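Residue numbers (the working numbering): 66 to 338.
Okay, structure coming up:
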């Protein structure tokens with residue numbers, strides 16, 4: 066009688082089945098989110114989950130690279146660019162390069178085909194596994210180092226030179242020559258006074274958030290002497306997200322407090338009993 070073999074559940078399998086749904090939801094959120102910051106956060110979720118998958122598969126080098134390089138450096142660069150451009154900036158839907166959508170579809174289909182062949186080779190074929198490969202090369206990090214600096218050293222150096230050239234090219238293209246002399250502090254003050262004279266724009270700084278309001282949070286607008294809301298006291302980013310509260314919302318807690326203590330006041334003297 067053939068004994069019944071029960072498959073052993075490993076930590077890698079548990080990590081895969083726990084994190085795979087999270088990665089799929091994060092990928093869908095990255096594509097379907099309307100706000101760029103939310104897409105970047107979903108991408109961070111996918112990257113961190115992928116790093117845990119590498120660690121579960123006994124690949125410590127890829128785990129460290131995924132956390133330090135991709136999640137820690139490249140994703141932070143994405144967020145920096147988003148904040149620099151502005152999260153409320155609308156993207157142009159005009160296709161400036163003809164045929165880029167068709168090429169993007171073909172590239173996606175090609176990538177999907179490669180993924181199907183890679184997964185099929187791992188399922189149908191007879192892969193050695195990371196454990197065997199690591200034993201043959203003296204470890205995961207040692208094996209990757211041998212491949213990068215022995216067999217593929219020319220390709221590795223060429224890729225490094227390409228990335229450096231791309232970085233220098235991006236700085237050259239983004240550099241803007243100064244078309245006029247640098248404006249001094251006196252020029253800026255003169256412009257402010259001219260705008261105050263012609264347009265009535267106050268030359269002083271913007272009002273501080275929360276002045277005369279219930280609290281001094283950055284998303285709480287300042288109140289003008291007449292009790293109305295000063296929209297200039299809150300940044301455009303928070304204003305576009307609906308952070309500006311109405312005057313009634315700001316004054317309602319004060320009115321509620323006054324009504325609560327009103328019965329305890331003396332009608333003649335106004336003092337609290």
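Even glycine gets a Cβ: it sits at the ideal position worked out from N, Cα and C.
Just so it is clear, the structure is predicted and the values come from calculations on it, not from any experiment.
Same chain, Cβ closer than 7 angstroms to residue i, neighbours up to 5 away in sequence not counted
{"i": "residue 70", "result": "Note that residue 70 has pLDDT 49, beneath the 50 cutoff, so the model's placement of it is unreliable and no number is given."}
{"i": "residue 143", "result": "105"}
{"i": "residue 75", "result": "none"}
{"i": "residue 77", "result": "121, 122"}
Cβ pair residue i, residue j closer than 8 angstroms
{"i": "residue 205", "j": "residue 123", "result": "yes"}
{"i": "residue 270", "j": "residue 257", "result": "no"}
{"i": "residue 131", "j": "residue 115", "result": "yes"}
{"i": "residue 147", "j": "residue 101", "result": "yes"}
{"i": "residue 298", "j": "residue 272", "result": "yes"}
{"i": "residue 228", "j": "residue 221", "result": "no"}
{"i": "residue 128", "j": "residue 209", "result": "no"}
{"i": "residue 290", "j": "residue 274", "result": "no"}
{"i": "residue 112", "j": "residue 84", "result": "no"}
The alpha helix (DSSP H) enclosing residue i, as first and last residue numbers
{"i": "residue 86", "result": "76–97"}
{"i": "residue 213", "result": "Looking at the DSSP string, residue 213 is not in any alpha helix (DSSP H), and its letter there is neither H nor E."}
{"i": "residue 12", "result": "Since the first and last residues shown for the chain are 66 and 338, residue 12 lies out of range."}
{"i": "residue 225", "result": "218–239"}
{"i": "residue 163", "result": "Neither: residue 163 is in no alpha helix (DSSP H) and is coded neither H nor E."}
{"i": "residue 256", "result": "250–263"}
{"i": "residue 276", "result": "Residue 276 -> no alpha helix (DSSP H), and no H or E assigned at all."}
{"i": "residue 127", "result": "125–130"}
Cβ neighbours of residue i in the same chain (closer than 8 angstroms, five flanking residues each side left out)
{"i": "residue 81", "result": "118, 121"}
{"i": "residue 190", "result": "none"}
Beta-carbon proximity list for residue i, same chain, < 6 angstroms, skipping 5 on both sides
{"i": "residue 335", "result": "Model confidence at residue 335 stands at a pLDDT of 48, short of 50, so the residue's coordinates are unreliable; what they give is reported in the following sentence. Excluding sequence neighbours, residue 335 sits near nothing in its chain."}
{"i": "residue 87", "result": "114"}
{"i": "residue 110", "result": "91"}
{"i": "residue 242", "result": "none"}
Residues bridged to residue i [DSSP beta-bridge criterion]
{"i": "residue 287", "result": "295"}
Exercise for the section: Report yes or no: do three or more beta-carbon pairs, one from the stretch 91–101 and one from the stretch 174–181, lie closer than 8 angstroms? Expected result: No, the stretch 91–101 is not in contact with the stretch 174–181.
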